[in-house]
Amino acid sequence: MDKNFDINREPNGVIVYPQWMEDFIKHYFPQNPGKPQKPNEDNDKLKVNIKSIVEDEFVVVGDDDYLYATGRKVNQNGIFRIIMLDDNEVKIRQAGGDFIRVDNRDFLVADTDRKGATKFKMYKIADKEYVLQAPNGDYVRVRDNDKRLVARAENPGNRTRFKFRKVK
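When you line the sequence shown up against my numbering, it's residues -12 to 155, in that order.
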């Protein structure tokens, strides 16, 4: 079992999602015992900006397709879509662009299709603050020297904390 299993669960075992995802969950996962519905990847309700807590900068996709926490202002390169999956897993896609994956050096890069996208686990750490855990077991952090996002933190910490702000 994942060591962070209980962080995003209420005492009754219900998974706690970020507040801004509540409308999405109600719309695409109604309380109907019938056939489960899959989320629509192009749903505008899931557009978000991602902001690094430690850098106080927005995450943007650079000219080289890598993700950096260097955006002082939000532009088109800093709008993402969050696609909710089961078990607190998410896929991330640049709005109107490619999906995010972890490359062979553990950097986050926006250059793939849905099938090649990395599934991240999303955990709430504090009020409106979250961490992303990559399939390698490490957390996504902002690298010191160039502010590039990399999945190489063994434990959550200041450099792994992000805020997600819904974009209208």
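Beta carbons are placed, not taken as given, at the ideal position from N, Cα and C, and that holds for glycine.
Query	Result
Less than 7 angstroms between C-beta atoms, sequence neighbours within five positions excluded: which residues of the same chain meet that for Glu141?	Asp125
Over the uninterrupted beta strand (DSSP E) stretch that includes Glu76, give me the two end residues.	Glu76 to Gln81
Consult DSSP for Thr147 and reduce its assignment to one of helix, strand or coil.	helix
Are the CB atoms of Val127 and Ala138 nearer to each other than 8 angstroms?	yes
Please confirm if the stretch 30 to 48 is in contact with the stretch 69 to 85, defined as three or more CB-CB distances below 8 angstroms between the two stretches.	yes
Are Val46 and Ile37 close, meaning C-beta to C-beta below 8 angstroms?	yes
On the DSSP letters alone, give me the boundaries of the beta strand (DSSP E) that Phe45 sits inside.	Glu44 to Val48
Does DSSP classify Lys155 as helix, strand or coil?	coil
What number of angstroms, rounded off, separates the C-alpha of Gly103 from the C-alpha of Val118?	21 angstroms
Can you list, in chain order, the residues of its chain whose CB lies under 8 angstroms from that of Asn123, leaving out five sequence neighbours each side?	Val89, Asp93 and Ala138
Mind pulling the alpha helix (DSSP H) runs of 4 or more residues that sit fully within the stretch 52 to 119?	none
Less than 8 angstroms between the beta carbons of Thr99 and Asp85, yes or no?	yes
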